[in-house]
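Take a look at the structure set out below.
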Amino acid sequence: MAEIAGLVVSVAALAALFHNTVKGFEFVQLGRTFGTNFQTSQLTLKNAQIHL
Numbered sequence: 001m002a003e004i005a006g007l008v009v010s011v012a013a014l015a016a017l018f019h020n021t022v023k024g025f026e027f028v029q030l031g032r033t034f035g036t037n038f039q040t041s042q043l044t045l046k047n048a049q050i051h052l
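Right under this line is the structure:
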């Protein structure tokens, strides 16, 4: 019975590790595009300000 509990805990830990890895990858992707997205948003705001 202890072996089954250990297996369940191991699977849960592996699932959590996979989830955290995916979240980390999403942050890396966000960091890669942050500069471009920021510049685009800044230009959009300046354009809207000019139109006002």
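Numbering of the sequence shown is given in full-length UniProt numbering, commencing with residue 1 and proceeding in unit increments. Ideal Cβ placement from N, Cα and C applies to all residues, glycine included.
{"query": "Going straight from the alpha carbon of Leu45 to that of Ala16, what length do you get?", "result": "40 Å"}
{"query": "Per DSSP, what kind of secondary structure is Leu52 in: helix, strand or coil?", "result": "coil"}
{"query": "For Thr40 and Gly31, what's the separation of their Cα atoms in angstroms?", "result": "15 Å"}
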